[in-house]
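Below you'll find the structure, written out as structure tokens, and then a few comments.
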Amino acid sequence: MTVDMRLFIAVNITNDARARLTDAQRRLRQINATVNWVAPQNFHFTLKFLGESADHLLPNIKKAMDTVAAKVLRLRCELRGLGQFPRVIWAGLHGETEQLATLAKRLDEELGRLGFLRVAREFKPHLTLGRITFVGDKPGLTKAIDSLRNEPFGAMRVDAIHLFQSTLTARGSIYTKVHTAQLKGAEHGRQI
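FYI, in this note's numbering the residues of the sequence shown are 1 to 192.
Printed below as a string of structure tokens:
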């Protein structure tokens, strides 16, 4: 029997960055806006969304991740600043983002060979803090986000990529780590 799993590949963030982003969320909650806030334990940077995937594909997905990760050096990034797409409040990623984009592209190519939908748009790394459903005080929300536009949320080293299963519940999504693939150099503690 085939079981579908909702899957995505992502980069985790540090606990320090998680705490700082949670504080930024707390400040933004005071604005008159209806936002579906992402739970802090679910903060991550998505590299590739796979969607509903048959469980028998898991070994091939893991192998593809391991193959790509083994060829990409670990990298350093900094979480800094908030921004807004029309309906999304996000935190930005700076530093070795070109390497992160290359990692995302290689995952996209490798998983495309397995039949997963390829991404047509340019990879723009961001961490979603919340999805806006209604804004009663648009100037207030814009001002609050602008006040955090250059806020540092913490440096991080990307040593690994993770495959997560997302289970949708009435209380929000629950993410379960299914697989971890170490980036090149991470297994030896090499500094970059």
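Each residue gets a CB set at the ideal place from its N, CA and C atoms; glycine is no exception.
This one's a predicted model, so the numbers in the text were calculated from it and none came from an experiment.
- Taking C-beta atoms under 8 angstroms as the contact rule, Leu127 and Phe45 qualify, at a distance of about 6 angstroms.
- In this structure, the CA atom of Val178 is about 39 angstroms from the CA atom of Lys138.
- With respect to the 9 angstroms criterion, Leu75 and Phe43 are not classified as neighbours on the basis of their beta carbons.
- In this structure, the straight-line span from the alpha carbon of Asp55 to that of Gly136 is close to 43 angstroms.
- Collapsing the DSSP output to three states places Asn150 in coil.
- Here the alpha carbons of Arg118 and Glu109 stand approximately 7 angstroms from one another.
- Cβ atoms of Ala64 and Ile161 stay farther apart than 8 angstroms, at about 11 angstroms.
- When secondary structure is reduced to three states using DSSP, Val68 falls in the helix class.
- Between the C-alpha atoms of Lys124 and Ala101 there is a straight-line separation of about 8 angstroms.
- Here the segment 145 to 165 makes contact with the segment 73 to 91; the two share three or more CB pairs at distances below 8 angstroms.
- Residue environment for Asp16: exposed (fewer than 16 other C-beta atoms within 10 angstroms of its C-beta).
- Within its own chain, the residues whose Cβ lies closer than 8 angstroms to the Cβ of Gly154, once the five positions on either side in sequence are excluded, are Ile13, Thr14, Asp16, Ala17, Arg20, Glu78, Leu79, listed in chain order.
- DSSP links Gln165 through a beta bridge to Leu7, Thr176.
- Straight across, the Cα-Cα distance linking Phe116 with Leu50 is about 7 angstroms.
- Closest by C-alpha distance to Arg131, out of Leu28, Met5, Leu163, is Leu28.
- At least 9 angstroms separates the beta-carbon of Lys62 from that of Leu107.
- A straight line joining the alpha-carbon of Asp159 with that of Lys71 spans about 12 angstroms.
- Check the Cα spacing between Ser166 and each of Gly83, Asn32, Leu93, Ser53: the tightest is with Ser53.
- For Gln84, there is no enclosing alpha helix (DSSP H); the enclosing beta strand (DSSP E) covers residues 75 to 85.
- Pro59 has its alpha-carbon roughly 48 angstroms from the corresponding atom of Gly140.
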